[in-house]
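Peer 1:
There are 2 protein chains.
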Amino acid sequence: MKEGPDISRIAALIGDPARANILTALMSGKALTATELASEAGVTVQTASAHLSKLEAADMIACRKSGRHKYFTLGGDDVGHALEALMGLAAGAGHLRTRTGPKDAALREARVCYNHLAGAKGIALYQGLLARGVIQERGDDVALTDAGVTFLRTFGVDVDGLRKAKTPLCRSCLDWSARQTHLAGSVGRALLARMQEIGWAERVEGTRVVQFTSKGEAAFLDTFGV
Amino acid sequence: MKEGPDISRIAALIGDPARANILTALMSGKALTATELASEAGVTVQTASAHLSKLEAADMIACRKSGRHKYFTLGGDDVGHALEALMGLAAGAGHLRTRTGPKDAALREARVCYNHLAGAKGIALYQGLLARGVIQERGDDVALTDAGVTFLRTFGVDVDGLRKAKTPLCRSCLDWSARQTHLAGSVGRALLARMQEIGWAERVEGTRVVQFTSKGEAAFLDTFGV
DNA sequence: GGGATGCTTCGGCTACGGTCGAAGTATGAA
DNA sequence: TTCATACTTCGACCGTAGCCGAAGCATCCC
């Protein structure tokens, strides 16, 4: 009967509205304190505290103490990946939030998904990398090619440094807004970081939106456009 | 604040142990009935029924009526994708159910399903009838064409006799070994009966296996092959 | 037709888990 | 030291949702 991992425990954790709000807030990739998360979730701090300890016990979030503050982040890439997959389902089922603010369009265009680029730009990036032979799809997985390594080096990504970490270099991630694939993994993260570093784009404070500069937009098209 | 789709509803659905078991069982790709799923989930049929209607309302599963049975499958690839992501979170390597239909090769090849032909032969028959314009798919249903009536008459089926009965002439039936459609209804029954009558095939006593003769095999291919 | 099987609906019971107020602990600032 | 802030623990309340027995349809078999 009980074969395979018990998904109900994990899903039940995400299933509570307050916890779902907490996790969604953490999808921005930013580290947030318990009080900030409580306000995001719309509950009191005591309630949030209970939720946070449950999430932490399940390794869905990680925490770091700094003075009297406690900063929370998502537990890992796989957590972000699962959350995006669920968002894809929820969006398909029409369970969109009733309030679709002006941020919504910007979110669809470009946003961070945990730590890498998502939205229309994320998909364009993925397809550009594919077309240029930087990455290659292998079944459900995606891998960096030899040519891709040199490409990344000239773009300014420390590939050898990434290799030392145990996290996978490339990983595909399903986009909830467009239902297409974009690039996750340490390479995905490094690419976004590099784009911010060279001034192509910057994060909009307090949201998941990534705003490209006009120069960055052009350069992006030039470097990754199909 | 509240960005993106509401994942908590979907996650809460998966979060119930009974429903999680149901979904895990359906991950095999096999279509299962409500009672089978109830036993998989470890609850009574009434409880399972309630769960199934909730899952269906959320488009997480799809259902198909076939006689007095109701076959359920996963709602789509994205559902499977999300479940896999959750399994990855829950325990790293998830051992999926891999029950693949009847073990007996003969059963998979050709067997009776209530009263009509199922298995590989049943599927081939259905597709042959479709290709020859004998039957026509109409949404989820299937109907006998005018050309089909004459075809059946020359094959030796008493179509007018069948029409007198109140049971529907054609009905599609989901194959449990191959997860494809074959033909049920009174025409499906009559076709199998006729094949036995003219010596193409015979039932193996005490089992559901249908054994084709070598002549019957050739004639079947000739008459219904694509 | 009668009987059996598969599924659904209804009603009521129960328990689990989310919620908050209040009090308790830790860290930093004055 | 004393106060202020950030977070946790405790206890109690309460609503929701899962559960099953019984009865009601629908379908098929003989």
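Protein chains in written order, with the working numbering: chain X, 283 to 508; chain G, 283 to 508. All C-beta atoms in this analysis are idealised placements derived from N, C-alpha and C, irrespective of residue type, glycine included.
1. Out of Glu484/X, Lys403/X and Thr495/X, which has the shortest C-alpha to C-alpha gap to His464/X?
2. Please identify, using Cβ separations under 7 Å, the residues of the stretch 347-375 of chain G that lie next to chain X, in order along the chain.
3. Give every residue of the same chain whose Cβ lies closer than 6 Å to the Cβ of Gly383/X, excluding the five residues on either side of it in the sequence, and list them in chain order.
4. DSSP beta-bridge partners for Tyr353/G?
5. CA-CA distance, His509/G and Ile304/X?
6. Kindly confirm or deny that the stretch 353-363 of chain G and the stretch 335-345 of chain G touch, where touching means at least three C-beta pairs closer than 8 Å.
7. Ser290/X and Arg301/G - do their beta-carbons sit closer together than 9 Å?
8. For a contact meaning CB atoms closer than 7 Å, what does Ala293/X contact in chain G?
9. Just checking: is the beta-carbon of Met342/X within a distance shorter than 9 Å of some beta-carbon in chain G?
10. Three-state secondary structure (DSSP) at Val508/G?
11. Tell whether a beta-carbon distance below 9 Å holds between Phe494/G and Gly410/G.
12. Can the beta-carbon of Ala323/X be found closer than 9 Å to that of Ala313/X?
13. Taking the CB atoms as reference points, tell me whether Leu371/X and Gly470/X lie closer together than 9 Å.
14. The ligand MG and Asn303/X: does any heavy atom of the ligand fall closer than 8 Å to the residue's C-beta?
15. State buried or exposed for Val508/G, treating a residue as buried only when at least 16 other CB atoms are found within 10 Å of its CB.
16. What are the residues that DSSP puts in a beta bridge with Leu474/G?
17. Within its chain, find whatever has a CB closer than 8 Å to the CB of Ala413/X; leave out the 5 residues flanking it on each side and keep chain order.
18. Considering only residues of the same chain and omitting the five flanking positions on each side of Ala392/X, which have a CB-CB separation below 6 Å?
19. In terms of residues, what are the limits of the alpha helix (DSSP H) holding Thr463/X?
20. Quick one: Cα of Ser310/X to Cα of Ala425/G, how far?
21. By the three-class DSSP mapping on this structure, what secondary structure does Glu487/X have?
22. Tell me the rounded alpha-carbon separation between Asp504/X and Leu295/X.
23. For Phe437/G, write down the residues that DSSP places opposite it in a beta bridge.
24. Round the Cβ separation of Phe437/G and Arg476/G to the nearest angstrom and send it over; I've been treating them as touching at under 8 Å.
25. Take Asp428/X as the anchor and find which of Gln478/X, Val416/X and Ala447/X has the nearest alpha-carbon.
26. Answer with buried or exposed for Ser527/G, where buried requires no fewer than 16 other C-beta atoms within 10 angstroms of its C-beta.
27. Looking only at its chain, what residues have a beta carbon closer than 6 Å to the beta carbon of Leu434/X, apart from the 5 residues adjacent to it on each side?
28. Run through DSSP, which three-state label would Ile480/X get?
29. Between the C-alpha atoms of Ala388/G and Glu338/G, what's the straight-line distance to the nearest angstrom?
30. CA-CA distance, Leu365/G and Tyr408/G?
31. Below 9 Å between beta carbons: does that hold for Gly297/G and Gly297/X?
32. On the DSSP bridge assignment, give the partners of Cys455/X in chain order.
33. Please report the straight-line C-alpha distance between Val394/X and Arg490/X, rounded to a whole angstrom.
34. Taking the C-alpha atoms as reference points, what is the distance between Ser321/X and Ser348/G?
Peer 2: Let me spell this out:
1. Lys403/X
2. Asp360, Val361, His363, Ala364, Leu365, Ala367, Leu368, Met369, Gly370, Leu371, Ala372 and Ala373
3. Here the model assigns Gly383/X a pLDDT of 43, short of 50, so the residue's position is not dependable, and the following value carries that caveat. Excluding positions up to five away in sequence, the list is empty.
4. Thr315/G and Arg346/G
5. Shown here, chain G extends from 283 to 508; a query on residue 509/G therefore has no answer.
6. yes
7. yes
8. Ala293, Ile296, Gly297, Ala302 and Leu368
9. yes
10. coil
11. no
12. no
13. no
14. By its list of ligands, the structure shown contains no ligand whatsoever, and the ligand MG lies outside what it can speak to.
15. exposed
16. None; Leu474/G has no bridge partner.
17. Val508
18. Gly401, Lys403 and Val492
19. Here Thr463/X belongs to no alpha helix (DSSP H); instead the beta strand (DSSP E) covers Thr463 to Ala466.
20. 53 Å
21. coil
22. 43 Å
23. Its beta-bridge partners do not exist; DSSP assigns none.
24. 6 Å
25. Val416/X
26. Since the first and last residues shown for chain G are 283 and 508, residue 527/G lies out of range.
27. Val441
28. coil
29. 34 Å
30. 33 Å
31. yes
32. His464/X
33. 5 Å
34. 50 Å
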